[in-house]
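Undergrad: Mind having a look at this structure? Questions to follow.
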Amino acid sequence: AVVSTQSTGEAGCDCFLFQLETVTDEEAKTLVGKIKEAGMKAGVALSQECEVSRLEGLVKDVDLVHISCGDPCHDDVPFNPEMLEKVAATRKMHKKILIEIEGNVTSDDVMGAVKKGANLFVSGYKGEKPDKEFLAMRQIINKIRMGL
31 AVVSTQSTGE
41 AGCDCFLFQL
51 ETVTDEEAKT
61 LVGKIKEAGM
71 KAGVALSQEC
81 EVSRLEGLVK
91 DVDLVHISCG
101 DPCHDDVPFN
111 PEMLEKVAAT
121 RKMHKKILIE
131 IEGNVTSDDV
141 MGAVKKGANL
151 FVSGYKGEKP
161 DKEFLAMRQI
171 INKIRMGL
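Pasting the structure below:
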């Protein structure tokens, strides 16, 4: 489906992400330009299969890189710590960009992700005792905020 960046921006969207592997490098640059013209922040999402090298030449133009580290739709697909190397490579390309990870991220994964350069996390814990997991996540986030 084709989505109009202009109508999306007019509808109040402030950030527009697209899957990088679904477009060519030239199409990605054009799309980022259209997103910015519509007054939104631009972001790209990388699946586990998408090579981080696709960001070269584009990373300086986007505001956010989203890296899939698992399959949030399937509990049986665990967080893949190998994807943190994509985080580190992205951080090396751009020191100040927002890097978001998602895909069965738990409190056990967050500190390692922060050390590699991630600074946004999507966590939809579906296991047992979600209150305990969310408390652990909150404690880790507080430690990070305090610089520990």
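My numbering numbers the first residue of the sequence shown as 31 and each following residue consecutively.
All C-beta atoms in this analysis are idealised placements derived from N, C-alpha and C, irrespective of residue type, glycine included.
1. Would you list, in sequence order, the uninterrupted beta strand (DSSP E) runs of no fewer than 3 residues that lie entirely inside the region 90-156?
2. Excluding the five sequence neighbours on either side, which residues of its own chain have a C-beta within less than 8 Å of the C-beta of Cys43, listed in chain order?
3. Since Gly73 and His96 are thought to touch, with beta carbons under 8 Å apart, how far apart are those beta carbons, to the nearest angstrom?
4. Which same chain residues end up closer than 7 Å to Leu47 when comparing Cβ atoms and leaving out the 5 residues on each side of it in sequence?
5. Rounded C-beta distance between Gly133 and Gly100? I'm assuming under 8 Å.
6. Please list the segments of the beta strand (DSSP E) lying wholly inside the region 37-95, counting only runs of 3 or more residues, in order along the chain.
7. Where Cys103 and Lys59 are concerned, what is the direct C-alpha to C-alpha distance, given to the nearest angstrom?
8. By a C-beta neighbour count over all protein chains shown, 10 Å radius and 16 as the cutoff for buried, is Ile129 buried or exposed?
TA: Let me spell this out:
1. 94-98, 128-132 and 150-152
2. Met70
3. 6 Å
4. Gly73, Val74, Ala75, Leu94 and His96
5. 3 Å
6. 45-49 and 71-76
7. 29 Å
8. buried
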